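Protein chains in written order, with this note's numbering: chain E, 101 to 239; chain D, 101 to 239; chain B, 101 to 239; chain F, 101 to 239. Here a beta-carbon is modelled for each residue, glycine too, at the ideal position from N, C-alpha and C. A quick note: this is a predicted structure, and the numbers were derived from the prediction, not measured. Here is the structure we will look at, set down as structure tokens.
Protein chains: 4
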Amino acid sequence: MSLKMSIEELREFMADVFPQVDDAFEVTELAPNVITVRMKISDRHLRPGGTVSGPSMFLLADCAYYLATLAMIGPKALAVTTNCSIDFLRKPAPGDMFAKARVLKLGKMLSVGDVLLFSEGVSEPVARASLTYSIPPVK
Amino acid sequence: MSLKMSIEELREFMADVFPQVDDAFEVTELAPNVITVRMKISDRHLRPGGTVSGPSMFLLADCAYYLATLAMIGPKALAVTTNCSIDFLRKPAPGDMFAKARVLKLGKMLSVGDVLLFSEGVSEPVARASLTYSIPPVK
Amino acid sequence: MSLKMSIEELREFMADVFPQVDDAFEVTELAPNVITVRMKISDRHLRPGGTVSGPSMFLLADCAYYLATLAMIGPKALAVTTNCSIDFLRKPAPGDMFAKARVLKLGKMLSVGDVLLFSEGVSEPVARASLTYSIPPVK
Amino acid sequence: MSLKMSIEELREFMADVFPQVDDAFEVTELAPNVITVRMKISDRHLRPGGTVSGPSMFLLADCAYYLATLAMIGPKALAVTTNCSIDFLRKPAPGDMFAKARVLKLGKMLSVGDVLLFSEGVSEPVARASLTYSIPPVK
């Protein structure tokens, strides 16, 4: 399958539909079934001690997989997460994070894939997640 | 096993160690291996349309299971989530949420259990999660 | 929702559709959204040392949740597992096992719930699992 | 980290410790943190209709990740699975299957990673799994 949205179209979609999270995320690479998303870390993403919080990493994994799916199916704001299984592997380093997501199965009803999360400049992953999105039927 | 912390001791611990999230959570019931935690929903927990966001539900599940574990092992701030698998079942209703967590296995190194999340006043669960916490060894 | 199949109807369905596993399983309790399934453990379910193997526990969890779903939707052999997340908590005791499954969400497309696995005569669970089944659309 | 066991040493270990499953599995590729394992499918791995059963795919994922971990830590038969989350993506094709596993985090207590399962000759994965193994402490 081929891409149905470009990086620029994903950016405009997010700014339109999710303005409150949009400023934190930037798609840096996009190809069929794979995407790289950078997350600009600010104070609201940190927990005491200054490391990125678990919910913020969940948000990054979820957002990256959402964008990977949208890029393949087109702009459907109503796709919703039905499952996320996340393993926290290492303490994040200070600074921004990025996510590399891949779509493993794109069916009529479900999109299933996984994501690796990294701290910028560190080669070993900070977390891994697998996600399932439910895709709303075409009306 | 018996409880090592009371509701009041958990409250003081959270206010001390996690002041930035403490105001949202309240332990309403506590017994060995089971806990009920209420989450006061405010604007920062919502996504467009006004429903509670996925990362906020992840935060509630994670926090409830952390408190369930602490109540059994005593105040160890360094217990960390190693895995969370969460299924989103229904759209949350407007208003506060609560979590019912149970500890299924409390070993020397790992605490494993699960959590059901509810919208206040609705009997069917909004989400379910299973979590594993790594418990730091006693020095 | 109410039950669409009885214990006897589930037994006949399994004998008909899955004769090769049927002799190991017996539904011992059934009510809307909850089921108890006993698994008769034989040599083929054991690993070296005589404990029940991981794949056998996966089979029990999967089968119990399948039967819990069928009891609610009627005999649809084509319901298929899309996800199973299983935590192994304790070494099983020698002897038979049983599973207590509950359906948490029964939608048009997906059935989502969880299962606790026990060794007979032991009160603490041996494993927990959450499962998602995809339900084939009515033609 | 470097490999502590070769393909031949893994083969001898399995023949010694797990003779009952050994004949089905063959390590075909091995490098630090990554392994490819082929599973010879026979009648006992099939369900009605002739496709590979869910428990057999669980067995392959579990065995592949166990071997990936052993290759990095040396022959420790007591490493045990604590969690497996598996997504079934497509119906397997007839014939043998293989698994590609990678170790994402090798700590003192836990090994965490993931596995893709394939039917021979088909490029799209049949299933994905993430696994956590608990590593017994050195005495």
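Query, Result
"Cβ of VAL222(E) within 8 Å of any chain D Cβ", "no"
"Residue-chain proximity (SER142(B), chain F), Cβ-Cβ < 8 Å", "no"
"Where VAL121(F) falls: helix, strand or coil (DSSP)", "helix"
"Bridge-paired residues (DSSP) for SER230(B)", "SER185(B), ASP214(B)"
"Proximity below 8 Å, CB of ARG202(F) to CB of VAL226(F)", "no"
"Host alpha helix (DSSP H) of THR169(D) (start-end)", "154-173"
"9 Å Cβ cut-off: residues of chain B touching THR232(E)", "THR182, ASN183, THR232"
"Bridge partners - ARG202(F), DSSP secondary structure assignment", "VAL134(F), ASP214(F)"
"Selection of the segment 146-172 of chain F by Cβ proximity to chain B, strictly under 7 Å", "PRO148, GLY154, PRO155, PHE158, LEU159, ASP162"
"Assigned exposure category for ASP143(F) - 16 Cβ within 10 Å defines buried", "exposed"
"CB contact check: MET114(F) to chain D, cutoff 8 Å", "no"
"CB contact flag (ALA161(D), THR169(D), <8 Å)", "no"
"Under 8 Å between C-beta atoms of VAL152(F) and ILE135(F)", "no"
"DSSP state of GLU126(F) mapped onto helix, strand, coil", "strand"
"Assumed close pair ALA42(F), MET139(F) - CB separation to whole angstroms, cut-off 8 Å", "Limits of chain F in this structure are 101 at one end and 239 at the other, which puts residue 42(F) out of reach."
"Close beta carbons around SER156(B), own chain, < 6 Å, minus the five adjacent residues each side", "HIS145"
"Partners in chain D for LEU189(F), counting only beta-carbon separations shorter than 9 Å", "The contacting residues do not exist; LEU189(F) stays about 17 Å from chain D at best."
"ILE173(D) to ALA131(D) span [Cα, whole Å]", "13 Å"
"Helix, strand or coil at MET114(D) [DSSP, three-state]", "helix"
"Spatially closest choice to THR128(D) from MET101(D), PRO119(D), LEU110(D), LEU204(D), by CA coordinates", "LEU110(D)"
"Whole-angstrom distance between GLY195(F) and GLU220(D), CA atom to CA atom", "51 Å"
"Sub-8 Å separation of LEU231(D) and CYS184(D) beta-carbons", "yes"
"Test: MET209(B) CB closer than 8 Å to a CB of chain E", "yes"
"CB of PHE113(B) within 8 Å of CB of PRO175(B), strictly", "yes"
"Cutoff 8 Å: ILE186(B) Cβ touching any chain F Cβ", "yes"
"Reference LEU217(F), options LYS205(F), LEU206(F), PHE158(F), closest by Cα", "PHE158(F)"
"Exposure of LYS104(B), with buried meaning 16 or more beta-carbon neighbours within 10 Å", "exposed"
"is_contact[VAL117(F), chain B] using C-beta, thresh 8 Å", "yes"
"Residue from MET197(B), TYR166(B), THR181(B), ASN133(B) with nearest C-alpha to VAL222(B)", "MET197(B)"
"Nearest-angstrom Cα separation, counted from GLU108(F) out to THR181(E)", "43 Å"
"Per DSSP, cross-strand counterpart(s) of MET139(D)", "PHE125(D), MET197(D)"
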